[in-house]
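*Asks:* Protein chains in written order, with this note's numbering: chain A, 35 to 286; chain B, 3 to 408; chain C, 52 to 227.
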Amino acid sequence: MNDTSNKPDSSRRDFLTKSGTVAGAAAIAPGVFLTTPAVAKPADEPITADKRWGILVDTNKCASNCDACVTACKEENGWGKSETHSNPEQQSQWIRKVEIRNKSTGFAATLPMMCQHCENPPCVDVCPTGASFKRKDGIVLVDKHICIGCRYCMMACPFKARSFIHEDLQDQLPWAPRGKGTVESCTLCVQRVDNDGTPACVEACSAENHNALIFGDLNDENSEISRELKKNDSIELRADLELNTGVRYRGI
Amino acid sequence: MKLALNYREIEGKSTGFWVLLGGLGLLSALAFFAFLYMEHSGHHVTGMNNQIVWGIPHVFAIFLIVAASGALNVASIGTVFGKPLYKPLGRLSGLLAIALLLGGLLVLVLDLGHPDRLIVAMTYYNFKSIFAWNIILYNGFLAITIVYLWFMMERKMNKYYRAAGTFAFVWRLILTTGTGSIFGWLVARQAYDMAMLAPMFIIMSFAYGLAIFILVLMAAYKWTERPLGDAVLFRLKNLLGVFIAAVLYFVMVYHLSNLYATEHHGVERFILMDGGIYTKLFWIVQIFIGSLLPLAMVYHPSIGKSRPAIATASLLVIIGGFAQVYVLLLGGQAYPLDIFPGYEVVNSSFFDGVVNSYSPSIWEITLGIGGVAVALLMVTVAVRVLRFLPETLADDAIDPHAAKAD
Amino acid sequence: MSYASVVRRITGLLFAALLLLPLAASAEEEAENLPFSDLTMTEPDRHFSATEECVAPEDEMRRNHMNYILHQRDDTMYEGIRTPRYSLEECINCHAATDDQGEYLPVNAPNQFCSSCHTYASVSIDCFQCHATKPVRASRLNGASSGKAPYPANGPVAGSLRHETLPVLVSEGNAQ
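1. Cutting at 7 angstroms between CB atoms, please list the residues of its own chain near C:SER197, excluding the five before and the five after it.
2. Let me check one thing: in DSSP terms, what residues is A:MET147 bridge-paired to?
3. Note down, in chain order, every chain A residue with its Cβ under 8 angstroms from the Cβ of C:ALA189.
4. Determine the extent of the beta strand (DSSP E) in which A:LYS168 is found, giving its start and end residues.
5. Would you report the Cα separation of B:MET206 and B:THR314, rounded to the nearest angstrom?
6. Give the C-beta separation of B:THR168 and B:SER71 to the nearest angstrom, bearing in mind that I take them to be a contact with Cβ-Cβ under 8 angstroms.
7. Between A:HIS151 and chain B, is there a C-beta pair that is closer than 8 angstroms?
8. If you check the beta carbons only, do A:ARG130 and A:PRO192 fall under 8 angstroms apart?
9. Nearest chain C C-beta to A:ALA97 closer than 8 angstroms, yes or no?
10. Run the CB neighbour count on B:VAL55, radius 10 Å, all protein chains shown included, and call it buried at 16 or more, exposed below.
11. Judging by CA-CA distance, which residue of A:ALA142, A:THR118, A:GLY280, A:SER268 is the nearest neighbour of A:THR221?
12. Count the other CB atoms within 10 Å of the CB of C:GLY111; is the residue buried (16 or more) or exposed (fewer)?
13. For B:TYR162, would you say it is in contact with chain A, using Cβ-to-Cβ distances shorter than 8 angstroms as the test?
14. Which parts of the region 201–244 of chain B are runs of the beta strand (DSSP E), unbroken and 3 residues or longer, counting only runs that do not cross its ends?
15. Is any beta-carbon of chain A found at less than 8 angstroms from that of C:GLY131?
16. Could one say the Cβ of A:LEU271 lies closer than 8 angstroms to chain C's Cβ atoms, at least one of them?
17. Taking the alpha carbon of A:GLN124 as the point to measure from, which residue in A:ALA102, A:ASP159, A:ARG196 has its own alpha carbon closest?
18. Find the residues of chain C that neighbour A:HIS179, judging by a C-beta separation of less than 7 angstroms, and give them in chain order.
19. I'd like the list of long-range same chain contacts for B:ILE216, defined as Cβ closer than 6 angstroms, with 5 residues on each side in sequence excluded.
20. Pull up the CB-CB distance for B:VAL383 and B:LEU391, whole angstroms please, since I reckon it's below 8 angstroms.
21. Any residues in the region 43–68 of chain B with a beta carbon nearer than 9 angstroms to a beta carbon of chain A? Which ones, in chain order?
22. Give a yes or no on whether the minimum CB-CB distance between C:THR134 and chain A is below 8 angstroms.
23. Closest Cβ-Cβ distance between C:HIS182 and chain A: below 8 angstroms?
24. Run through chain A and tell me which residues come within less than 8 angstroms of C:MET117, C-beta to C-beta.
25. Can a CB atom of chain B be found closer than 8 angstroms to the CB of A:ILE173?
26. Which residues in the same chain as A:THR232 place their Cβ atom closer than 6 angstroms to its Cβ, once the five residues preceding and following it in sequence are excluded?
27. Is it a yes or a no for the region 142–160 of chain B touching the region 98–116 of chain B, going by three-plus beta-carbon pairs under 8 angstroms?
28. In this structure, what does DSSP give as the bridge partners for B:PRO392?
29. Count the other C-beta atoms from every protein chain shown that fall within 10 angstroms of the C-beta of B:TYR468, then say buried if there are 16 or more, exposed otherwise.
30. What did DSSP end up calling A:VAL23 once you bin it into helix, strand or coil?
31. Taking the alpha carbon of B:LEU199 as the point to measure from, which residue in B:MET159, B:PRO343, B:ASN260, B:PRO296 has its own alpha carbon closest?
32. Report the neighbours of B:TYR126 on chain A: residues whose CB is nearer than 7 angstroms to its CB, in chain order.
33. Under three-state DSSP, which class holds A:TRP87?
34. Should A:ILE89 be flagged as near chain B, meaning a C-beta pair shorter than 8 angstroms?
35. Please report the straight-line C-alpha distance between C:CYS142 and C:THR170, rounded to a whole angstrom.
36. Please compile the residues from chain A whose C-beta is within a distance smaller than 9 angstroms of the C-beta of C:GLU154.
Dropping the structure here:
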């Protein structure tokens with residue numbers, strides 16, 4: 035090779051450019067394909083069964099003197115304030131903090147309890163009118179337009195997730211209608227989820243920097259919740275009933 | 003030998019009749035006002051809450067509905083099994099079945115959170131729900147029994163009444179199975195979730211229905227001064243004894259099965275030992291007063307032949323039946339749900355892990371009693387207006403052979 | 052026809068006309084009486100003329116509004132479709148009236164929008180046992196803002212708590 039000129043070596047430059055491009059593409063491409071950008075569902079599009087919403091509760095991170103999730107749920111959905119005639123056992127409770135202790139080992143834990151949004155919900159099976167139903171994306175709701183207030187779903191729920199409204203209500207929030215004589219429970223903040231948001235309890239727990247609640251799409255392998263569920267052990271409550279709940283707990 | 007039996011309406015002119023009508027009407031009216039109050043204010047005026055979801059109204063409703071199905075038993079024995087002694091009692095049996103069912107359904111519907119949406123319950127069905135099936139079964143039972151009565155009471159339709167009676171018999175077995183399954187198919191609660199509850203409810207229906215039938219029969223014949231012979235009455239009371247024994251058997255198997263499974267020890271200990279009011283109601287009222295005592299009375303050689311004793315025994319069975327439904331329904335709810343097996347709940351704002359208490363309000367009790375009153379009111383009016391009761395049930399009119407052989 | 056009967060007829064007609072006079076007078080006023088009744092229909096705060104429609108022309112709305120609402124409620128509950136056009140919340144955002152102080156009146160209060168026609172037609176509705184009766188969020192329809200509602204329509208997420216509000220509420224809750 036007779037190349038004593040000071041011309042830049044085009045073949046080496048080409049090689050570096052090309053390999054650099056390929057390397058760069060190889061580095062970025064997985065990012066492009068693996069993470070799907072979060073796109074808000076358009077308001078006029080129906081939900082599909084592609085997603086299944088769930089929550090992972092890490093009881094190790096849940097603080098026993100904190101109930102930010104309960105307060106946030108009350109503010110978002112408007113319960114816990116206007117039921118002045120009902121006694122405490124009659125008042126609604128969509129989410130509650132429970133402290134438990136293992137009878138044999140003495141291990142203590144604290145955790146929030148709400149509707150578990152089962153895949154095979156007993157409440158949906160027993161509702162005579164079909165008012166208690168499961169949406170395609172896994173959220174279990176009560177259609178209060180056809181709820182006759184028989185409370186059979188409350189008898190059937192293994193988690194006592196449902197509440198009956200015992201008095202007339204005023205000043206309901208427009209995004210969370212609730213009324214006398216019907217049954218209600220945690221809606222997984224469906225009004226937020228449909229607009230690409232997260233439930234109020236999850237948001238509150240993050241705001242408090244406990245991060246004990248993770249919300250996400252259980253059908254998406256790459257969502258944070260799926261990755262966490264795959265990495266560390268978690269359980270369903272009352273797993274013996276084989277309900278395949280959408281809410282799972284870690285640390286108990 | 004064909005027995006000519008004459009059915010006649012009761013006279014219905016005596017003071018006693020009007021007092022009875024007035025009293026039952028007053029109780030029904032009070033129940034109606036109690037319903038209006040509960041529906042207007044909301045259930046916060048009742049003793050029911052998010053922990054004890056079904057209360058006294060449901061105890062009354064379930065008792066009446068179960069008894070209604072059993073009340074048809076007498077007619078079925080006459081029609082389906084061909085026993086001649088029961089045939090004259092068929093019309094009253096059908097009437098009582100309809101009346102008790104309507105009384106029970108009335109209480110159930112009026113206690114709903116949205117009784118105005120009854121039409122929704124009759125048009126939107128979730129066929130996986132046994133409750134929805136029960137709505138269809140109850141309405142069907144009413145229709146079938148009315149047809150059965152019609153066939154029994156109209157001469158030219160008499161040839162079809164066997165078919166209607168058999169159909170009604172099968173239908174009400176399915177209905178009572180459905181009623182028992184309302185509880186038996188609840189996987190969540192330790193006291194329910196047992197397939198045996200369905201046949202147990204069938205046997206309970208036999209006992210309660212017959213006890214109510216005997217009382218109504220005795221009262222109707224005594225107050226209208228029509229003869230009621232021993233042949234009929236003793237047959238019925240012996241049958242009642244059989245049914246009481248059968249109920250005792252089912253209760254025993256239910257508890258023995260639960261006691262065997264360690265996971266159900268909690269609720270068994272609660273009902274049988276620790277449950278306070280529920281334990282007392284179970285042992286004293288359901289078992290002793292409601293089953294053992296009437297069983298002894300009915301089969302005692304001399305006591306069992308006295309009319310006051312038979313009436314008392316029937317009444318005790320009814321009281322025991324109420325206690326049984328109360329213990330099952332309310333005891334099953336009072337005992338806390340075991341959401342975290344192996345753990346105890348230290349603290350919860352929603353009363354997890356604690357025994358729930360229930361104190362019924364006057365409104366619920368009035369509504370429940372009103373259901374009974376409406377049922378009895380219907381029977382009283384019906385026997386006055388139509389020919390349900392035979393003129394005589396004396397031994398020689400019913401069965402000449404029985405009169406001779408004593 | 053006899054003279055007497057003609058006189059009777061004309062007197063009758065004049066009498067009837069006299070009776071109808073108040074109707075003619077009140078036709079000029081803002082709140083018109085519904086026929087044969089002293090119920091008035093409250094005009095909504097936001098007015099659309101007969102040609103410019105919001106959701107649908109007026110007579111179509113009068114005849115079919117219940118069908119739109121019934122259809123939309125199933126779409127929202129079961130399919131998660133939350134379009135503003137037939138949303139009950141948006142109906143209230145437009146049709147709720149304010150009192151002299153500028154406070155919203157419940158839309159099902161006597162003589163307010165829903166009640167006036169419904170009382171007249173004797174059709175009872177139980178929507179407001181559960182649904183809010185006053186505007187809480189600004190309307191998303193036609194891009195217009197009702198301006199008086201507490202929350203803006205295009206907040207971060209509809210109905211979300213703002214992050215600065217949450218710590219205050221939590222500390223209040225803990226203090227109790």
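Virtual Cβ for every residue (Gly too), placed ideally from N, Cα, C.
*Replies:* Inspection of the coordinates gives the following:
1. Low per-residue confidence applies at C:SER197: pLDDT is 43, beneath 50, and the placement is therefore not dependable, though the value from the model is reported in the following sentence. Around C:SER197: ASN144, PRO186, ALA189, SER190.
2. A:ARG130
3. Simply none; closest approach about 11 angstroms.
4. 166–168
5. 18 angstroms
6. Contact doesn't hold; Cβ gap of about 15 angstroms is too wide.
7. no
8. no
9. no
10. buried
11. A:GLY280
12. Gly is not the amino acid found at residue 111 of chain C; the sequence shown has Glu there. C:GLU111 is exposed by the Cβ-count criterion.
13. no
14. none
15. yes
16. no
17. A:ARG196
18. ARG124
19. LEU238, SER316
20. In fact, because the Cβ distance is near 13 angstroms, the residues do not count as touching under 8 angstroms.
21. SER43, GLY44, HIS45, HIS46, VAL47, THR48, MET50, ASN51, ASN52, GLN53, ILE54, VAL55, TRP56
22. yes
23. yes
24. Result: empty, since nearest Cβ-Cβ is about 13 angstroms, beyond 8 angstroms.
25. no
26. PHE249
27. yes
28. B:TYR9
29. Past the edges of chain B, shown from 3 to 408, lies residue 468 of chain B, and the structure says nothing about it.
30. A query on residue 23 of chain A cannot be resolved here, the shown segment of chain A reaching from 35 to 286 and no further.
31. B:ASN260
32. THR163, GLY164, ILE180
33. strand
34. no
35. 18 angstroms
36. Simply none; closest approach about 13 angstroms.
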